[in-house]
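Asker: If you use the numbering used here, the sequence shown corresponds to residues -13 to 137, in order. For every residue, glycine included, the Cβ atom is placed at its ideal position computed from N, Cα and C. Below is a structure I'd like to ask you about.
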Amino acid sequence: DSGVFERWQRAFADMTGVGMTAEQKADRLAVHQQRLCEKWKNELVNYSPAVTFMLDRIRRETGVAVSPQDHIRCLPCDLTRSGGYAPALGTVRLCYGHFWSKKQMEHTLTHELVHMYDHCKFETDWSNLRHHACTEIRANSLGGDCKWTRE
């Protein structure tokens, strides 16, 4: 059956890159990285104690119900960051392809959720350097960046 052979050939090409152009390889890699980002994101919002705690605090203390589909997005980014919070949009960006482990994504997501919490709870003025410094210190401390194992 030619359909079975074509599926096998496509699967083999995906695994090895044989018979694919550089652009096709890059496209396939991006699709894989985005799917992995979405998978890890869904696992973290459901099972990570730090992430579920932050989502609960945001909902309870600010009244904002964070939807993982709408407010936490896996998107491509430049190489200078692994995530970010966009206050104007109220969304967290997770940069797919920039995480070497789910634990690193957990730290990044928790860090960005602290920014979201601060923005919703304290009306952070992002152009005020004192506000910005305060939320960065909180996010680094609470997000796990200050753990000895991350030094």
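CA-CA distance, Gln(-5) and Glu9?
Answerer: In a straight line, the C-alpha of Gln(-5) is about 18 Å away from that of Glu9.
Asker: With DSSP collapsed to three states, give me the class of Thr77.
Answerer: Thr77: strand per DSSP, three-state reduction.
Asker: With Gly(-11) as the anchor, note down where its beta strand (DSSP E) starts and where it stops.
Answerer: Segment Ser(-12) to Thr2 is the alpha helix (DSSP H) holding Gly(-11); no beta strand (DSSP E) there.
Asker: In the DSSP assignment, find the unbroken beta strand (DSSP E) run with Arg59 in it and report its ends.
Answerer: Element bounds for Arg59: Ile58 to Leu61.
Asker: Would Cys23 pass as a contact of Tyr82 if the rule is Cβ separation under 8 Å?
Answerer: In this structure, Tyr82 lies closer than 8 Å to Cys23 by Cβ.
Asker: In whole angstroms, what is the alpha-carbon distance linking His105 and Ala(-3)?
Answerer: Cα to Cα, the separation comes out at about 45 Å.
Asker: With DSSP collapsed to three states, give me the class of Tyr82.
Answerer: Three-state result, Tyr82: coil.
Asker: Can you tell me whether Ala51 is helix, strand or coil according to DSSP?
Answerer: DSSP places Ala51 in coil when its eight states are reduced to three.
Asker: Between Leu80 and Thr94, is the Cβ-Cβ spacing less than 8 Å?
Answerer: Taking 8 Å as the Cβ cut-off, Leu80 and Thr94 qualify as a contacting pair.
Asker: Rounding to the nearest angstrom, what Cα-Cα distance links Pro54 and Glu109 in this structure?
Answerer: Rounded to whole angstroms, Pro54 to Glu109 spans 22 Å at the Cα level.
Asker: Based on the DSSP output, what are the partners of Ala72 in its beta bridges?
Answerer: Its beta-bridge partners are Thr77.
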